[in-house]
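A short write-up of the structure that comes next.
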Amino acid sequence: MTTSTPAFIQGSKKLLIDGQWVDSASGQTIDAVNPANGELLCRIARGNSDDVDRAVAAARRAFEGPWSHYTPHERRKLLLRVHDVIMDNFEDLALIETLDMGAPLARTRGYKEWLSQLLQFYASQTGSATVAATPMSIAPNFTALKHLVPVGVVGGIIPWNGPLMGMWWIYGPALATGCTAVLKPAEDASLTTIRVSELMMEAGVPEGVINLITGYGAEVGQPLAEHHGVDRIAFTGSVVTAQSIVRASAGNLKRLQLELGGKSPDIVFADADLEKAVPGAGMGVFTNTGQVCVAGTRILVQREIHDEFVKRLADFSRTVKIGDGREEGVQIGPLISERQLDRVMHYVELGSRDAELVAGGQRLGGDHAKGYFVEPTVFANAHNNMTIAREEIFGPVATVIPFDTEAEVLELANDTPYGLAGGLWTENLGRAHRVSQGIRSGTVWVNCYGVIDPAVGFGGTKMSGYGGKGGKEHVESFLYPKATYFNIG
Ligand code: NAD
């Protein structure tokens with residue numbers, strides 16, 4: 010191991026409400042466990058609907074209080090202070106994330122530059138709420154002003170697969186626009202969000218502007234989605250939970266942003282450069298142990314290179330170093346929990362019945378038996394109608410499906426209820442344009458996979474949700490347009 014445990018990882022963590030760290034109303038806690046060895050790290054507060062009520066009330070007071078008078082310039086300065094304090098403490102944050110959710114340090118440390126860009130992007134967007142004057146066309150004695158004003162209190166509900174990045178899609182635009190936030194991280198990985206929230210208070214975020222309630226989905230997420238004091242929900246997670254959030258939000262017609270799962274196609278044409286396509290498509294599935302919403306889990310390979318590609322992908326998968334994320338050289342860590350491990354192994358069993366298992370498929374034993382490790386797994390000669398090609402596994406499982414023609418592969422690529430992402434590997438420019446335009450998804454990568462620019466953003470269509478993250482539109486979705494007409498005589 011190359012690291013020591015940060016001092017933050019000890020004792021019981023509290024909830025952040027109105028600038029104070031407080032116990033949950035129930036006084037109960039949840040164990041935060043290291044998925045690499047099943048050991049207890051510390052305890053987090055088990056919030057409930059009373060805590061949600063307190064946090065929403067605090068967020069409302071803050072929204073209507075001095076925070077509403079912050080100028081765009083003051084919000085920009087605040088975001089840049091937050092940026093600096095996060096960067097100064099980044100090594101600890103990366104380690105906390107690795108301990109809490111298992112991703113290797115190579116990955117969590119690697120977020121640093123990206124997060125720096127993300128925070129600077131939001132700092133650059135604080136002027137989005139400024140006034141636009143529109144020339145009047147109805148009569149000469151009227152003029153109008155159009156403001157973009159913050160929607161109010163935003164509830165954020167995020168999953169466990171990367172909270173160090175995922176939390177900023179709520180805190181970032183909330184601070185940029187003058188909204189306030191109540192964040193509910195996943196019960197399986199909350200520690201980074203707690204430490205980041207502490208650091209944000211140190212950076213001078215006013216009381217009540219950000220609030221953090223840890224706990225279970227049914228006990229914190231559901232009341233947040235139902236709460237009439239919440240104006241907007243930004244949710245990232247599964248389709249089933251999103252459907253329940255849509256229902257829960259109906260009471261006060263909340264604005265919703267839903268970023269859900271996928272079964273993204275990654276297409277490899279016979280003319281692709283396999284030196285790039287094999288590791289590119291491989292890590293497009295295996296990275297973060299496959300716990301990535303945009304993972305290119307359906308690898309569609311032109312039949313004439315299918316066997317060659319499969320052989321190379323299987324060989325590549327055996328080179329991927331799996332282990333405790335703190336160990337030098339580890340590329341993928343454990344799955345988040347025993348529950349997730351069982352789920353992935355269930356799909357591996359189903360896949361073994363239907364398709365050809367050419368690599369992986371085993372849980373790691375020996376020194377790794379206490380953690381939730383699964384080998385990178387490759388199924389070949391699969392069909393798009395198999396369960397492993399239709400359902401999101403959220404584990405390091407690649408399903409390779411052969412195809413013959415461009416027309417056929419587009420049909421296969423789009424034959425899924427999801428529409429989050431997709432990729433293609435080809436040396437033919439015309440084909441790259443035709444096929445990328447034909448894939449029905451929010452993002453397509455050509456000869457690369459998984460790149461996300463905060464200023465461009467990403468989002469989904471179909472059952473992958475609606476309302477993107479990043480980009481100007483994301484910031485504007487925390488605002489609503491308001492027109493004021495003046496009779497100027
Ligand atoms: P999940 O839906 O079970 O949980 C996500 C969050 O919702 C957690 O904080 C959970 O506690 C909360 N929650 C659970 N039930 C709730 C309820 N009834 N009301 C309100 N909140 C509730 O998802 P998961 O299994 O933890 O995460 C994996 C899913 O997230 C996958 O489908 C993955 O594709 C998706 N995901 C999507 C993106 C994206 O940006 N599109 C990013 C990461 C993960």
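For the sequence shown, our numbering assigns the number 10 to the initial residue and increments by one for each residue that follows.
Where is the CB? At the ideal position from N, CA and C, for every residue including glycine.
- In this model, I39 and N46 are separated by some 17 Å (Cα to Cα).
- Within the same chain, and ignoring the five residues on either side of T201 in sequence, the residues whose Cβ sits closer than 7 Å to its Cβ are L102, I105, E106, D109, P172 and L173.
- The beta carbon of V387 lies closer than 6 Å to those of L322, A323, S326, V367, A368 and A407 in the same chain, with the five residues before and after it left out.
- Annotation: the segment 390-430 contains the following complete segments of the alpha helix (DSSP H) (minimum length 4 residues), in chain order: 396-399 and 415-423.
- Residue side-chain check: G238 keeps its Cβ at 7 Å or more from all non-hydrogen atoms of the ligand NAD.
- Collapsing the DSSP output to three states places H156 in a strand.
- About 13 Å separates the beta carbons of G380 and P113, which is beyond the 8 Å limit, so they are not a contact pair.
- One thing to note: Q311 has its Cβ within 8 Å of the Cβ of A279.
- Taking the C-beta atoms as reference points, R70 is found nearer than 8 Å to G217.
- Spatial neighbours of A257 in its own chain (CB-CB distance under 8 Å, excluding positions within 5 residues in sequence) are listed in chain order as Q231, A234 and E235.
- The ligand NAD approaches G271 closely enough that one of its heavy atoms is under 7 Å from the residue's Cβ.
- Linking A259 to G428 through their CA atoms gives a straight-line distance of about 25 Å.
- In this structure, the alpha-carbon of G305 lies about 52 Å from that of T152.
- No Cβ-Cβ contact shorter than 8 Å links E358 with Q371.
- Each residue's CA atom was taken as its position, placing A41 and N437 some 49 Å apart.
- Distance between V301 and G498, taken at the CA atoms: about 59 Å.
- Under the DSSP definition of a beta bridge, P232 lacks any partner.
- Each of V294, F318, C188 and G74 was checked against the Cα of D282, and the nearest Cα belongs to F318.
- For the options G175, Y79, I314 and I222, the alpha carbon positioned closest to that of Y120 is the one of G175.
- Here R85 is buried. Its C-beta has 16 or more other C-beta atoms within 10 Å.
- When secondary structure is reduced to three states using DSSP, G375 falls in the helix class.
- When the Cα atoms are used, K491 and P426 turn out to be separated by approximately 36 Å.
- Cβ neighbours of G474 within its own chain (closer than 7 Å, five residues either side excluded): A251, L267, E268 and L269.
- Bounds of the alpha helix (DSSP H) holding Q349 are E347 to D363.
- The segment 44-59 makes no contact with the segment 85-94: fewer than 3 CB pairs, one atom from each, lie closer than 8 Å.
- No heavy atom of the ligand NAD is found nearer than 7 Å to the CB of I222.
- Burial state of R348 is exposed, judged by a 10 Å Cβ sphere holding fewer than 16 other Cβ atoms.
- By the criterion of a C-beta distance shorter than 8 Å, F487 is surrounded in its chain by P159, V160, V163, P182, A183, A185, T186, C188 and R241, once the five residues flanking it on both sides are discounted.
- Taking one beta carbon from each stretch, the segment 124-139 and the segment 194-212 have fewer than 3 pairs nearer than 8 Å; the two do not touch.
- In the displayed model, W434 falls within a strand according to three-state DSSP.
- In this structure, DSSP gives L344 a state outside helix and strand, which the three-state scheme calls coil.
- Counting only the Cα atoms, W123 lies some 37 Å from N390.
- Following the DSSP letters along the chain, one finds Y489 inside the beta strand (DSSP E) bounded by residues L488 to N496.
- The beta strand (DSSP E) runs lying completely inside the segment 235-268 and spanning 3 residues or more are 241-245 and 264-268, given in chain order.
- Relative to the ligand NAD, the beta carbon of F295 is positioned no closer than 7 Å to any heavy atom.
- K285 counts as exposed, since fewer than 16 other C-beta atoms from the protein chains shown sit within 10 angstroms of its C-beta.
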